[in-house]
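Trainee: This structure is in structure tokens; I'll ask about it shortly.
Protein chains: 2
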Amino acid sequence: MNSLERLIQEIARLPGLGKKSATRIAYHLLAGEALEAQRLGNLLQGLHEAIRPCSLCGAFTEEDPCPICSDRGRDHATICVVEQPQDVAVMEASREFQGIYHVLGGVIAPIEGVGPGDLAILSLLQRARNGQVREVIIATNPTVEGDTTALYVARQLREQTGVSVTRLALGLPVGADLEYADRLTLARSLRGRTSLGDDT
Amino acid sequence: MNSLERLIQEIARLPGLGKKSATRIAYHLLAGEALEAQRLGNLLQGLHEAIRPCSLCGAFTEEDPCPICSDRGRDHATICVVEQPQDVAVMEASREFQGIYHVLGGVIAPIEGVGPGDLAILSLLQRARNGQVREVIIATNPTVEGDTTALYVARQLREQTGVSVTRLALGLPVGADLEYADRLTLARSLRGRTSLGDDT
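Respectively, the protein sequence lines represent chains B and X.
When we follow the working numbering, the leftmost residue of the first sequence carries the number 1, and every step to the right adds one.
When we follow the working numbering, the leftmost residue of the second sequence carries the number 201, and every step to the right adds one.
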């Protein structure tokens with residue numbers, strides 16, 4: 001196998017890409033300037049050196065602790081618990097949350113052999129017990145595994161700490177069309193209905 | 201901007217990828233083993249060193265001339281003219297063509313400022329005049345630019361060489377449904393209809 005075939009193979013292993021899109025990308029890089037491929041190559045080579053998980057929250061960061069954990073302007077009494085490091089960036093993009101984060105590093109999934117011990121739950125309990133934390137918002141995905149994990153984490157927090165535990169609201173996405181909402185989402189959004197005037 | 205943001209930006213510039221898919225890929229590489237990112241990084245850094253255009257046909261290759269041009273088992277009397285280096289791989293995948301290739305490096309597109317002089321047409325005429333070539337098959341894409349380029353190249357070949365010039369057949373794709381065929385394709389496939397029994 002030559003370099004081009006090896007490159008296509010490596011690119012095709014990335015999420016969301018197949019053989020066709022990998023081939024297109026490889027030829028694009030070949031047809032372009034050598035500098036572009038080298039710049040990307042350099043970034044990839046140094047990636048794991050430059051960026052590591054924050055020792056406090058688990059988000060990917062260049063400095064440890066991460067800019068969010070070391071920001072005294074943020075609300076250190078509220079921890080938002082997410083599944084993956086990238087979820088921190090998603091939450092940050094909403095510009096709605098002022099607290100700090102905790103990355104679990106996955107969800108409880110017995111079929112795939114992932115139990116509570118494989119997730120950063122002990123360190124969350126430790127952080128929640130430091131006397132400073134008042135609320136933990138669980139922001140795992142609204143999936144079977146995400147819900148299971150949320151329930152497990154919530155019970156542990158209630159049993160072992162005095163913090164209040166909340167969960168992101170479920171309902172219709174903003175701008176959605178009722179006609180296209182699935183039955184479960186509609187049911188949850190009905191159950192969680194809010195009095196008109198409550199909302200801001 | 202940190203390394204992660206720079207990486208996402210670079211990946212998002214690749215064809216077919218946007219900010220979302222680039223973010224997903226970057227986090228996938230970060231969450232995976234450092235070795236995987238480094239392997240990809242190495243391949244990209246050495247890409248333009250390892251792979252260059254064949255000095256005869258213009259296809260990307262590790263050896264010059266490329267394995268196809270230097271294969272004495274192939275039919276050197278038939279040249280297939282394609283737009284881009286990657287089209288060679290596409291033609292090869294059909295396992296139908298036994299001749300050699302010539303890469304134009306694009307199509308005539310006056311609006312984008314690409315004229316005949318920007319394409320590898322002179323070198324094609326030179327190759328077609330070597331006395332060994334009998335047929336040139338033009339396999340540019342069936343687009344306005346591809347057709348214009350095909351007509352231009354065909355005229356040059358007819359005026360300046362004695363080779364016969366052909367073009368890939370247009371018609372319905374195998375496995376297609378008449379109902380979903382566009383009007384132009386249907387018209388071309390009607391005009392180019394073949395007597396039943398002619399086909400193998």
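All residues carry an ideal CB built from backbone N, CA and C; glycine is no exception.
Does the Cβ of G113(B) have 16 or more other Cβ atoms within 10 Å, making it buried, or fewer, making it exposed?
Mentor: Exposed is the call here.
Trainee: Look at C57(B) and C69(B) and say whether their C-beta atoms are less than 7 Å apart.
Mentor: It is a contact, given that the beta carbons lie within the stated cut-off.
Trainee: Which partner residues does D75(B) have in the DSSP bridge list?
Mentor: For D75(B), which the question treats as bridged, DSSP gives the partners G99(B).
Trainee: Using 10 angstroms around the beta-carbon of R213(X), count the other beta-carbons present and answer buried if the total reaches 16, otherwise exposed.
Mentor: Label assigned to R213(X): exposed.
Trainee: Per DSSP, what kind of secondary structure is M201(X) in: helix, strand or coil?
Mentor: Reduced to three states, the DSSP call for M201(X) is coil.
Trainee: Buried or exposed: where does T200(B) fall if 16 or more other Cβ atoms within 10 Å of its Cβ makes it buried?
Mentor: Note that T200(B) has pLDDT 48, beneath the 50 cutoff, so the model's placement of it is unreliable and no number is given.
Trainee: Determine the contact status of R224(X) and P15(B), defining contact as a CB-CB distance below 7 Å.
Mentor: The answer is yes: Cβ separation under 7 Å.
Trainee: Is the shortest distance between the beta-carbon of L104(B) and the beta-carbons of chain X less than 7 Å?
Mentor: So, not an interface residue.
Trainee: Kindly say whether T200(B), judged by its beta-carbon, lies nearer than 7 Å to any beta-carbon of chain X.
Mentor: Note that T200(B) scores 48 on pLDDT, short of 50, meaning its location in the model is unreliable; the coordinates nonetheless yield the value given after this. Chain X contact via Cβ: absent.
Trainee: Can you confirm whether R24(B), when its beta carbon is compared against all beta carbons of chain X, has any partner nearer than 7 Å?
Mentor: By this cut-off, R24(B) is an interface position.
Trainee: Give, in chain order, every residue of the stretch 265 to 299 of chain X whose Cβ lies closer than 8 Å to some Cβ of chain B.
Mentor: Here the close residues are Q284, P285, Q286 and A289.
Trainee: Any beta-carbon of chain B closer than 7 Å to the one on Y301(X)?
Mentor: Chain B, which has no Cβ nearer than 7 Å to the Cβ of Y301(X), makes this no.
Trainee: Between the stretch 361 to 385 of chain X and chain B, which residues of the former have a C-beta closer than 9 Å to a C-beta of the latter?
Mentor: So the list is empty, because no residue satisfies the distance condition.
Trainee: To the nearest whole angstrom, what separates the beta carbons of A154(B) and I138(B), a pair I think is in contact under 8 Å?
Mentor: With 8 Å as the limit, A154(B) and I138(B) qualify as a contact, their Cβ atoms being about 6 Å apart.
Trainee: Return the CA-CA distance between G346(X) and G317(X), expressed in angstroms with no decimal places.
Mentor: One C-alpha to the other measures close to 16 Å.
Trainee: Name the chain B residues whose beta carbon is nearer than 7 Å to that of S221(X)?
Mentor: Neighbours of S221(X) on chain B, chain order: G16.
Trainee: According to DSSP, simplified to helix, strand and coil, what is T200(B)?
Mentor: Low confidence applies to T200(B): its pLDDT is 48, below 50, so where it sits in the model is not reliable enough to give any reading.
Trainee: Are the C-beta of L4(B) and some C-beta of chain X separated by less than 7 Å?
Mentor: It does: the Cβ of L4(B) has a partner Cβ on chain X nearer than 7 Å.
Trainee: Does the beta-carbon distance from L229(X) to A237(X) come in below 7 Å?
Mentor: It is a contact, given that the beta carbons lie within the stated cut-off.
Trainee: With 16 other CB atoms within 10 Å as the buried threshold, where does I311(X) fall?
Mentor: So I311(X) ends up on the exposed side.
Trainee: From what residue to what residue does the alpha helix (DSSP H) around R355(X) run?
Mentor: Its alpha helix (DSSP H) spans residues V344 to Q360.
Trainee: Note down, in chain order, each residue of its chain lying with its Cβ closer than 7 Å to the Cβ of K20(B), except the 5 sequence neighbours on either side.
Mentor: Answer for K20(B): no residue qualifies.
Trainee: Would you please verify whether the beta carbon of Q238(X) is less than 7 Å from any beta carbon of chain B?
Mentor: Yes, contact with chain B.
Trainee: In three-state terms, what does DSSP make of R367(X)?
Mentor: Correct three-state label for R367(X): strand.
Trainee: What's the call for Q126(B), buried or exposed, on a 16-neighbour Cβ count within 10 Å?
Mentor: Q126(B) is exposed by the Cβ-count criterion.
Trainee: How many whole angstroms separate the CB atoms of T140(B) and A150(B), which I take to be in contact at a CB cut-off of 8 Å?
Mentor: Their Cβ separation, rounded to whole angstroms, is 5 Å, which keeps T140(B) and A150(B) in contact under 8 Å.
Trainee: Note down, one range per segment and in chain order, each alpha helix (DSSP H) of at least 4 residues found wholly within the stretch 303 to 347 of chain X.
Mentor: List check, alpha helix (DSSP H) in window: 322 to 328.
Trainee: If you check the beta carbons only, do A250(X) and V303(X) fall under 7 Å apart?
Mentor: Going by C-beta atoms, A250(X) is not nearer than 7 Å to V303(X).
Trainee: To the nearest angstrom, how far is the alpha carbon of I308(X) from that of T348(X)?
Mentor: Cα to Cα, the separation comes out at about 7 Å.
Trainee: Is it buried or exposed, A222(X), if we count other Cβ atoms within 10 angstroms and call 16 or more buried?
Mentor: Under this definition A222(X) is a buried residue.
Trainee: Look at the alpha carbon of L243(X) and the alpha carbon of T61(B), and state the distance between them as a whole number of angstroms.
Mentor: If I take the Cα positions, the gap works out to 26 Å.
Trainee: Starting from E419(X), find everything on chain B with Cβ-Cβ shorter than 7 Å and list it in chain order.
Mentor: As shown, chain X starts at 201 and ends at 400. That puts residue 419(X) outside it, with no answer to give.
Trainee: The alpha helix (DSSP H) spanning T223(X) covers which residue range?
Mentor: It spans K219 to A231 - the alpha helix (DSSP H) in which T223(X) sits, taken as one unbroken run.
Trainee: Kindly list the residues whose CB is nearer than 6 Å to the CB of A89(B), restricted to its own chain and excluding five residues on each side of it in sequence; keep chain order.
Mentor: Here the set comprises nothing.
Trainee: Contact defined as beta carbons within less than 8 Å: I believe G241(X) pairs with G171(B). What is the distance between those atoms, to the nearest angstrom?
Mentor: About 43 Å separates the two Cβ atoms, so there is no contact after all.
Trainee: Examine chain X for any beta-carbon lying closer than 7 Å to the beta-carbon of A34(B), and answer yes or no.
Mentor: So yes, A34(B) belongs to the interface.
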